[in-house]
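Residue numbers (the working numbering): 181 to 367.
Ideal placement from N, C-alpha and C gives every residue a C-beta, glycine not left out.
Heads up: the structure comes next, in structure tokens.
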């Protein structure tokens, strides 16, 4: 008896449900008490979409490492798009950073109640969240420049995979720290 669903159908369904639930996280800021809901929602949606896209980029590195035809072009397109999203999310984060540092903002509250959280989590998050932009651009540039010279198991494809993996890790760390900060004190 043939199955009603294929593995691809189940994978697409799983990814769609996960993305929907993942995207709902920043939308909860709409019902919050903040005066800066628009900035928070836009930055949160930007961060969420970049993490989802970085997962896709990481997923696309495996066919590139195996030397599958067209995989490098797909990965390059996703990396350029995700790097653009990272740039927009950084700009939105800077917009949100103004009320964060403002009078009676979360920075003052954290410095008073838990200075180590601010010094470790927020300061670390600020810097680690900036690394994905040069990592993604470097990986996309290498793919653009050497796309036709990539071979399965080559050193260059390994370097690109390392850059994409670091890109993903930095985005994930920044996302987790950002969610943690909003749970402590919202802007």
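- Using a Cβ distance threshold of 8 Å, residue 264 and residue 226 do not count as a contacting pair.
- Counted as a single uninterrupted DSSP element, the alpha helix (DSSP H) harbouring residue 223 occupies residues 217-246.
- The alpha-carbon separation between residue 355 and residue 202 amounts to approximately 11 Å.
- A residue is called buried once 16 or more other Cβ atoms fall within 10 Å of its Cβ, and residue 348 is buried on that count.
- Distance from residue 255 to residue 237 at the Cβ level is roughly 6 Å; contact confirmed, criterion being Cβ atoms closer than 8 Å.
- Per the C-alpha coordinates, the member of 216, 185, 204, 190 positioned closest to residue 274 is 216.
- Judged by DSSP secondary structure, residue 266 falls within the alpha helix (DSSP H) whose first and last residues are 251-281.
- With respect to residue 357, residue 311 sits apart: the two C-beta atoms are not nearer than 8 Å.
- Nearest Cα to residue 269 within the set 197, 246, 307, 229: 229.
- A straight-line Cα-Cα distance of about 12 Å links residue 331 and residue 339.
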